[in-house]
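Each remark here refers to the structure printed beneath this line.
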Amino acid sequence: MSKSQLETKYLKFQPFKGCMGKLRSPAKLRNIKKVLLIEIAPIAALILSLAILLFVGVIKPHTRLNEFQTYLYKYKFQIWYFVPTCSVVVALSSFAWKKWRSVFLLLPVLSMVAIGISVGSAISPEQNEHLWPTDRSGPNSLMDIVLAHPTAKTRSGYGNYIQLDEFLDGKVVKVPSEFITSQGMDSKTLGFYLDSFANAKVEIDHSYDPLIVPFSNMTSKEIIFEGSSDSPKFLIFGNADSYHYFSNKETNYLVADQ
Amino acid sequence: MIREILLASVLTIGGFGILLKSKIPEKSPTLWTILSLPVGVAFFTVFNAIAFALNINNVLAGLFLLYAVAIFCAASTYEGKQNLFKQFGALLVALGMVTILLIVVSALVSPILTNDSYAILLTGRSIGSPIFTMDSPLLNSYPMMVLNFQAIGEIFGLDYIVYLPVVTGLLAIAGSISIVSDTYFSPKRNARIAILSLYIILGIFWITTWMLRSQLGYLNSHMLMAGFYSLGLSICISRDSVSQTFGSLFSGLLIGVVAFIRLEGLLFMALLLFAIFSHGYFSKKQIIKLTAAALTAPIIWFGRLLIEGNRGDIISPKTIILMLTLSLMPSLLATFKFTKQLSVLMPQVVTIGLSVIWSFYLLTSDKAVESSLVILSNLFATGYWGSFWWTFGPIALVLVVFGPRIRDENVWLELTAGGTLTVLLLGAIRTNPYRIGWGDSGNRMIFHLAPIVLLYIFAKIGTSLIPEDDSENSKVNRTI
């Protein structure tokens with residue numbers, strides 16, 4: 009079926025098709041009014057809502073309008089002059105297009121876009137200065153990315169576990185069944201961290217108490233990893249194929265089973 | 244990067260095979276190559292959502308199902324060796340396009356991982372492990388599609404996946420540009436020039452605007468949402484003239500997948516369903532097919548989360564019930580004779596309804612006023628949007644009121660204004676109001692609407708350029 013045939017078919021599906029003919033009875037004219045009302049109503053509702061926002065924003069003394077005005081004031085020239093000018097130009101060009109058609113809408117819109125680009129380029133440095141790199145120079149490996157993170161909480165929270173990958177990849181780590189760590193993490197989430205970031209094979213062990221840290225066993229074992237000290241410390245004692253997780257207020261321990 | 248390209252190729256081949264069953268290869272080979280990856284990703288996500296919800300804790304389940312369907316589609320449409328060579332050529336183009344995009348995007352922008360990104364990684368990578376269960380509250384805090392990407396990433400030996408979701412979103416946007424230009428520009432030469440001009444303008448803004456540029460490397464689901472929401476919109480507006488191109492099942496699936504991209508995705512999916520069912524000519528069979536394709540997977544997935552009864556940071560059992568009920572409404576309204584007329588008017592009703600609710604909140608809640616003003620502040624100054632919204636905001640607003648009326652104007656209005664109002668309303672009902680800065684969720688959600696605002700202006704310009712003596716087109720545009 010050709011495009012024109014399909015479009016003709018589409019016209020047949022118009023719910024108000026009956027009111028589009030040239031000879032219109034009063035009933036049909038009433039129908040046209042209904043159509044117009046339902047077409048205009050959403051736009052009117054939107055305009056009314058925007059008006060309410062501006063009214064309420066300005067009227068209510070306890071809103072943060074002044075604060076927002078300070079932010080916007082930085083771009084006073086661009087917003088106060090360009091936005092109204094752009095709106096008026098596009099509105100006028102819409103009327104011109106309705107009268108003369110042709111490119112009366114296209115050209116003004118394109119010029120406004122071009123002016124928008126040049127206005128944007130004037131404030132580009134401050135609108136592009138950001139902590140996060142959006143260029144090629146940023147780190148690519150997960151470890152480097154997390155260590156370059158601006159907040160200490162993320163660096164230690166996620167970073168500690170991501171760093172464990174080097175020591176725990178493919179190894180078994182046994183965690184308690186129902187336990188809340190000193191960081192407020194339940195044992196299941198702890199298991200997710202060890203599984204997802206450290207690539208360990210996590211198993212639930214119901215038979216031990218993670219609060220009873222086996223210091224006597226640990227003295228003979230070498231500390232092979234010491235995590236960031238931004239939050240509770242993370243230590244791995246000994247090198248083996250399986251570990252048990254222990255915890256006290258200051259430190260998380262992974263102790264080799266042998 | 245090679246592993247990410249490999250995964251992208253696997254998904255592209257799956258999507259390419261499935262699209263053989265549609266009319267797209269026949270009607271628009273370009274669209275076929277563009278949409279192969281988004282379609283592959285959509286089916287992969289939907290299949291895995293069903294698998295996980297049914298306790299099949301294996302990320303490869305979705306991939307196997309994707310390939311089973313792709314092979315079935317390819318086998319059932321096999322028309323001899325001659326066609327096979329042609330199809331192989333198209334597949335190479337699709338794979339080449341995806342590969343080049345992945346390389347270019349990764350060369351332009353380094354990965355950006357915020358706190359949310361790590362939580363997504365944590366949850367996504369836990370899928371498939373023996374300790375993973377569906378009762379994890381993290382599943383109520385992060386969306387399925389991006390989790391699914393991270394889950395499959397582990398199998399391909401990737402620590403994280405950033406660029407593949409981005410390229411999927413970009414291709415979905417490219418697909419919707421192609422569909423919109425085909426619908427609103429005539430003759431074809433004009434459409435080609437228009438597409439090129441739009442890409443140039445979009446490219447300039449993308450390069451100079453931090454908020455757009457950052458999305459190219461940001462591990463989250465914003466680019467996916469922007470892409471699939473605009474693709475959903477283009478499916479809605481193309482139902483009239485090219486209904487055969489997508490068909491009810493494809494339309495339903497591509498709209499339904501929006502529910503998996505964000506936790507508020509069910510609301511945006513409902514907006515799309517209201518829009519598509521406003522074309523009142525659907526037969527009962529088409530309504531059933533479209534509804535089943537769109538809603539089966541979301542009902543299974545969110546139904547499972549509902550049964551588990553977890554309260555995440557974002558959604559709870561109560562909100563799941565509310566959103567599922569809302570997303571069932573469009574199909575119900577379109578099904579019954581006495582509500583069909585209302586279904587036709589639903590885009591207008593939804594826009595008016597959302598405006599009224601937002602106005603009510605503005606008058607009664609300080610949080611709503613604060614969130615709305617924060618959004619305005621972010622759009623114009625503090626959200627790192629550069630001159631994007633100063634330029635396109637006023638143009639779009641003025642064209643809504645004074646511009647030429649375009650075909651499916653109300654659908655556009657519902658999906659752009661309705662989408663914006665949904666974001667504003669979420670700011671009114673959430674625990675804390677939106678905050679100043681690019682990282683605010685309201686500011687990031689506005690990114691989902693950026694492509695369709697551009698497409699709306701694009702469609703208006705296209706309509707304005709159709710000569711009056713182009714009888715068929717002008718007839719269509721005048722009558723609406």
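In the order they appear, the protein sequences are chains A and B. One point on numbering: in the working numbering, the residue at position 149 of the first sequence is 157, and numbering is uninterrupted. One point on numbering: in the working numbering, the residue at position 155 of the second sequence is 398, and numbering is uninterrupted. Note that the Cβ used here is the ideal one computed from N, Cα and C, for glycine as well. Predicted model, so just to flag it, every value in this text is computed and none were measured.
Under the criterion of beta carbons closer than 8 Å, Trp544(B) and Ala296(B) qualify as touching, at roughly 5 Å. Unbroken alpha helix (DSSP H) stretches of 4 residues or longer found wholly inside the segment 269-329 of chain B: 272-296 and 303-319, given in chain order.
Put simply, the CB of Thr189(A) is far from chain B, with every gap to its CB atoms at 7 Å or more. Going by beta carbons, Leu80(A) and Ala294(B) fall outside the 7 Å limit.
If you look at Ala437(B), you'll find it in the alpha helix (DSSP H) that goes Lys431 to Thr451. Residue state for Asn260(A) is assigned as strand, using DSSP reduced to three classes. For the pair Val587(B) and Gly495(B), the CB atoms are not nearer than the 7 Å cut-off. Exclusion of the five residues before and after Pro272(B) leaves Ala333 as the residues of its chain whose Cβ lies within less than 7 Å of its Cβ. Bridge partners of Lys182(A) according to DSSP: Glu211(A) and His252(A). DSSP places Tyr169(A) in the helix class (H, G or I) of the three-state scheme. Here Val282(B) has Gly258, Ile261 and Leu262 as same chain residues with Cβ atoms under 7 Å from its own Cβ, once five neighbours each way along the sequence are excluded.
Contact check for Ser602(B) against Pro676(B) fails: the beta carbons are separated by 7 Å or more. Only Leu73, Phe76, Tyr79, Leu80, Lys82, Tyr83, Gln86, Ile87, Phe90 and Val91 from the segment 73-91 of chain A bring a Cβ to less than 7 Å from some Cβ of chain B.
With fewer than 16 other CB atoms across the displayed protein chains lying within 10 angstroms of its CB, Tyr442(B) is exposed. Shown here for Asn247(A): same chain residues with a beta carbon closer than 7 Å to its own, the five before and five after excluded, namely Ile232 and Ala264 in chain order. In terms of Cβ geometry, Tyr166(A) and Tyr361(B) form a close pair [threshold 7 Å].
In terms of Cβ geometry, Leu492(B) and Ala536(B) form a close pair [threshold 7 Å]. Excluding its 5 nearest sequence neighbours in each direction, Asp203(A) has C-beta neighbours in its own chain below 6 Å: Val210, listed in chain order. Ala660(B) is a Cβ neighbour of Thr594(B), given a cutoff of 7 Å. Secondary structure note for Leu243(A): its beta strand (DSSP E) is the uninterrupted segment Lys241 to Phe245. Using a CB distance cut-off of 7 Å, Tyr251(A) does not count as an interface residue toward chain B. Taking 7 Å as the threshold, the shortest C-beta distance from Asn358(B) to chain A falls below it.
Between the C-alpha atoms of Gly323(B) and Leu335(B) there is a straight-line separation of about 19 Å. The beta-carbon of Arg368(B) is placed less than 7 Å from the nearest beta-carbon of chain A.
Secondary-structure assignment with DSSP links Ile355(B) through a beta bridge to Tyr461(B). Counting only the Cα atoms, Thr78(A) lies some 14 Å from Val66(A). The beta carbon of Pro573(B) lies closer than 8 Å to those of Ala513, Leu516, Phe517, Ile519, Phe520, Ser586 and Met589 in the same chain, with the five residues before and after it left out.
Just so you know, the alpha carbons of Val666(B) and Met387(B) end up roughly 20 Å apart. Taking a Cβ-Cβ cut-off of 7 Å, the neighbours of Gln591(B) in chain A comprise Ile46, Ala49 and Pro50, given in sequence order.
Listed in chain order, the non-local C-beta contacts of Phe205(A) below 6 Å within the same chain comprise Tyr169 and Ile170, local neighbours out to five positions each way being set aside. Within the segment 448-460 of chain B, contact with chain A at the beta-carbon level (separation under 7 Å) is assigned to Thr451, Trp453, Arg456, Ser457 and Gly460. For the pair Ile87(A) and Ile649(B), the Cα-to-Cα distance works out to about 29 Å.
Residue range Ile231 to Glu234 is occupied by the beta strand (DSSP E) that includes Ile231(A).
For Ile519(B), the three-state secondary structure derived from DSSP is helix. For the set Ile478(B), Leu413(B) and Phe489(B), the Cα lying nearest the Cα of Arg456(B) is the one of Leu413(B). Beyond the five residues adjoining it in sequence on each side, Leu73(A) comes within less than 8 Å, by CB distance, of Gly65 and Val66 in the same chain, given in chain order.
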